[in-house]
Every structure is written in structure tokens, then in C-alpha cells.
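**Student:** I'd like to ask you about the structure that follows.
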Amino acid sequence: GTELAVEEWQHQFHSHWWNCSTLQGLQVFGKVTIQGGETPPFSTALSSSGAPSRASLSSSHGHFLSAGFQWSGCSDNLLYRIAFSQAFVDNPERSCGVSSIPALMNLHNNEAGRKLPSAPQALLSHMKVGYQCHGVSGSCEVCTCWKVMPPFCKVGNILKEKFEGVMEVHTKRVCSCKLLVPKSSPFKPYTAHDLVYLLASPDFCNWDPRHRVFGTYGRGCNQT
Numbered sequence: 036g037t038e039l040a041v042e043e044w045q046h047q048f049h050s051h052w053w054n055c056s057t058l059q060g061l062q063v064f065g066k067v068t069i070q071g072g073e074t075p076p077f078s079t080a081l082s083s084s085g086a087p088s089r090a091s092l093s094s095s096h097g098h099f100l101s102a103g104f105q106w107s108g109c110s111d112n113l114l115y116r117i118a119f120s121q122a123f124v125d126n127p128e129r130s131c132g133v134s135s136i137p138a139l140m141n142l143h144n145n146e147a148g149r150k151l152p153s154a155p156q157a158l159l160s161h162m163k164v165g166y167q168c169h170g171v172s173g174s175c176e177v178c179t180c181w182k183v184m185p186p187f188c189k190v191g192n193i194l195k196e197k198f199e200g201v202m203e204v205h206t207k208r209v210c211s212c213k214l215l216v217p218k219s220s221p222f223k224p225y226t227a228h229d230l231v232y233l234l235a236s237p238d239f240c241n242w243d244p245r246h247r248v249f250g251t252y253g254r255g256c257n258q259t
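Count along the sequence shown from 1, then add 35; that gives the number in the numbering used here.
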């Protein structure tokens with residue numbers, strides 16, 4: 036799922052100052068994604084969609100021995116996919132406790148990645164039918180059909196649009212709870228579908244060893 040998110044992120048950001056360069060090790064993006072800037076919310080939301088998408092795809096392709104099918108997999112279960120993401124992707128953030136401000140931001144962006152416009156209805160309307168024939172010598176005596184998720188690039192396109200309107204927030208204590216609110220008062224409150232960030236991102240133009248940013252040296256320019 037992470038690999039799927041990385042590939043889509045690099046595709047969406049190929050012409051940006053930071054093109055989602057990856058590193059070896061546990062922090063595949065270095066320190067960039069833990070700074071709370073404008074870019075990490077996109078990666079967080081994309082990852083929360085990528086992991087369950089890969090699990091759903093593997094199930095429908097018959098890669099899970101425990102899946103309940105006989106011949107060729109089962110339909111993608113979108114509601115299960117969302118529940119899986121909430122349990123798997125959100126767990127590290129919830130372990131930090133509700134008092135962790137970065138965890139509040141990440142949990143919100145995780146949910147925004149799952150709450151695509153009118154989700155799950157929007158994705159359901161784009162689901163396609165896959166099929167496979169069964170029979171002797173290649174005949175199609177029996178045909179099994181199942182529904183599959185739309186290409187992950189559709190999810191990437193929607194989240195990229197959300198990224199263009201990412202909102203800076205800060206924490207505000209209301210009674211005993213910490214809430215994320217827009218930093219600039221003229222802005223309207225964000226919704227559950229919007230991406231948010233806490234701090235400005237570093238300058239991705241120049242090499243920055245502190246944040247492990249490679250800069251744009253050696254990359255071709257896009258004149259458009």
C-alpha cells in the first residue's frame with residue numbers, strides 16, 4: 036500500500052519543487068513528512084487510501100488464502116476497505132494519545148483521504164466489473180464476475196485537488212479538548228474533506244541536509 040502511495044505521489048508531484056524523492060530506511064521520505072508542512076498532509080491522505088486499496092486488490096485477485104471465494108477472487112468491499120484503513124493506518128497516531136498535536140493533524144488527514152467526495156458513493160459509481168471464464172479447453176461454460184475499484188490514479192487526482200486548497204491550522208483548547216482551527220481568522224472552518232497542516236514547509240529549491248531535502252539541482256525544467 037505504501038509503494039502504491041509513493042508511486043502515485045511521485046506522479047502527482049513530478050513537476051513540483053519537491054517531487055516526492057525517496058530515501059532508504061524507515062523514514063522513506065526523510066524528515067520532510069514529519070515537519071507538519073503543506074506537503075505531508077497529501078502523503079498522509081494518500082497512504083490512508085493506498086494501504087486498503089492494495090489489500091482490496093490482493094483479495095479480489097485471489098492472493099489471500101483466507102478469502103471466501105472458489106475460482107477467481109471476490110468483489111472489492113469498499114466499506115471493509117475504509118474500516119481496514121481506520122484500524123491499520125490510524126493505530127500509530129492513536130497510540131500517541133489525543134494530546135499529540137501532530138497526531139490530531141494526521142488523524143484528520145487520514146480521514147480526509149478516506150472521505151473522498153460523497154464517499155463511498157463516488158467510488159462505487161466508478162467501480163468496474165471484472166470477469167473470468169471457466170470451462171474445458173478455454174470454453175466459457177461458466178463466467179464468474181466481480182466488481183473492482185477504479186484505478187488508484189483517480190484517488191490521486193482527487194487528493195491533489197484537495198492539496199491545492201490545504202489549510203494552515205493551529206490548536207485551540209476548548210474545555211478539556213484540543214481542537215485544530217484555521218490559523219487565519221478570515222478563512223472559513225475546514226471540513227472533514229479538507230487537508231490541513233501545522234507549519235510551513237522548508238524551501239525545496241535548495242539542498243537542505245537538516246531536513247534531508249535534495250533540492251532541484253540536476254532536474255529538467257518544465258517551461259509550462
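Note that the Cβ used here is the ideal one computed from N, Cα and C, for glycine as well.
1) What does the Cβ neighbour count give for Trp44, buried or exposed, with the cut at 16 atoms within 10 Å?
2) Quick check: the segment 214–229 against the segment 176–185, are at least 3 beta-carbon pairs closer than 8 Å?
3) Within the same chain, show all residues whose beta-carbon is closer than 6 Å to that of Cys180, passing over the 5 residues directly before and after it, in chain order.
4) On a CA-only basis, which of Val209, Phe119 and Gly200 is nearest Lys223? Give me that one, please.
5) Within 10 Å of its beta-carbon, does Glu197 have 16 or more other beta-carbons around it, so buried, or fewer, so exposed?
6) Using a Cβ-Cβ cut-off of 7 Å (strictly less than) and excluding sequence neighbours within five positions of Glu146, which residues of its own chain qualify?
7) Could you give the residue range of the beta strand (DSSP E) that holds His205?
8) Report the rounded CA-to-CA distance for Pro76 versus Cys210, giving the unit in angstroms.
9) Looking only at its own chain, which residues have a Cβ that is under 6 Å from the Cβ of Gln47, when we skip the five neighbours before and after it?
10) Give the DSSP-derived three-state secondary structure of Val177 in the structure shown.
11) Apart from the five residues just before and just after Ser101, which ones in its own chain have a Cβ nearer than 8 Å to its Cβ?
12) Whole angstroms are fine: how far does the CA of Lys189 sit from the CA of Asp125?
13) For Leu234, which of helix, strand or coil comes out of DSSP?
14) Over what stretch of residues does the beta strand (DSSP E) that includes Val190 continue unbroken?
**Tutor:** Let's see:
1) In the sequence shown, the residue the question calls residue 44 occupies position 9. The residue in question, Trp44, is buried, as its Cβ has 16 or more Cβ neighbours within 10 Å.
2) Contact between the segment 176–185 and the segment 214–229 is absent: fewer than three C-beta pairs spanning the two stretches fall below 8 Å.
3) Here the question's residue 180 lines up with position 145 in the sequence shown. Within its own chain, the residues whose Cβ lies closer than 6 Å to the Cβ of Cys180, once the five positions on either side in sequence are excluded, are Val164 and Tyr166, listed in chain order.
4) The residue given as residue 223 occupies position 188 in the sequence shown. Shortest Cα-Cα distance from Lys223 to any of Val209, Phe119 and Gly200 involves Gly200.
5) Counting from 1 along the sequence shown, the entry for residue 197 is found at position 162. The residue you asked about is not Glu; residue 197 is Lys in the sequence shown. Buried, by the Cβ-count rule.
6) One-based indexing of the sequence shown puts residue 146 at position 111. So the list reads Ala227, once near-sequence residues are dropped.
7) For the purposes of this step, residue 205 is taken as the residue at position 170 of the sequence shown. Where His205 is concerned, the enclosing beta strand (DSSP E) starts and stops at Met202 to Val209.
8) Numbered from 1 along the sequence shown, position 41 holds the residue referred to as residue 76. Numbered from 1 along the sequence shown, position 175 holds the residue referred to as residue 210. For Pro76 and Cys210, the distance between alpha carbons rounds to 27 Å.
9) As a first step, residue 47 is located in the sequence shown; it is residue number 12 there, counting from the start. Excluding positions up to five away in sequence, the list reads Gly191 and Lys195.
10) Here residue 177 refers to the residue found at position 142 when the sequence shown is read from its first residue. Here DSSP, grouped into helix, strand and coil, assigns Val177 to strand.
11) As a working note, residue 101 is residue 66 in the sequence shown. Confidence at Ser101 is low in this model, with a pLDDT of 48, below 50, so the placement of that residue is unreliable and no value is reported for it.
12) As a position in the sequence shown, residue 125 is number 90, starting the count at 1. As a position in the sequence shown, residue 189 is number 154, starting the count at 1. Approximately 23 Å, taken between the alpha carbons.
13) Sequence index remark: in the sequence shown, residue 234 carries index 199 (1-based). DSSP, read as helix, strand or coil, puts Leu234 in coil.
14) Stepping through the sequence shown from its first residue, residue 190 is reached at position 155. Careful: Val190 lies outside any beta strand (DSSP E), inside the alpha helix (DSSP H) at Phe187 to Glu199.
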